Amino acid sequence: MLLVDKPVGPSSNAVLQRAKRLLGAARAGHTGTLDPLASGLLVIALGEATKFSGGILEADKSYRAQLKLGERTETGDAEGPVVSRAEVKVTR
């Protein structure tokens with residue numbers, strides 16, 4: 001198993017393919033996709049360890065997110081241009 005701190009930018013598959021190439025692994029797979037806009041722990045199973053990756057896929061996970069209230073983008077994510085902004089009043 002290889003634990004990778006995936007930065008924002010590359011896809012999980014791009015990180016996986018690079019690890020396979022650098023380590024000369026014939027078999028490899030990741031245990032859950034992180035979107036290109038997400039950073040976090042990407043667990044990569046190499047060789048015989050791929051047989052055990054199912055348990056990690058089914059395990060509970062937790063996520064942290066940061067968002068902007070009142071802002072809408074053309075693409076619905078942080079990469080698109082902002083198309084509207086509205087004041088948001090948080091009451092609690």
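The numbers in this note's numbering rise by one with no breaks, and the one at position 77 of the sequence shown is 77.
The beta-carbon is built from N, C-alpha and C at its ideal position, and this holds for glycine as well.
As the structure is a computational prediction, the values presented were derived from the model and not from experiment.
- In this structure, the straight-line span from the alpha carbon of alanine 86 to that of glycine 70 is close to 5 Å.
- In the DSSP assignment, isoleucine 44 forms a beta bridge with Leu2 and His30.
- Counted as a single uninterrupted DSSP element, the alpha helix (DSSP H) harbouring arginine 18 occupies residues 12 to 23.
- It is roughly 40 Å from the alpha-carbon of glycine 55 to the alpha-carbon of valine 82.
- Assignment of glutamate 74 by DSSP, reduced to helix, strand and coil, places it in the coil class.
- Selection Pro7, Leu16 and Asp60 evaluated against methionine 1 yields Leu16 as nearest (Cα-Cα).
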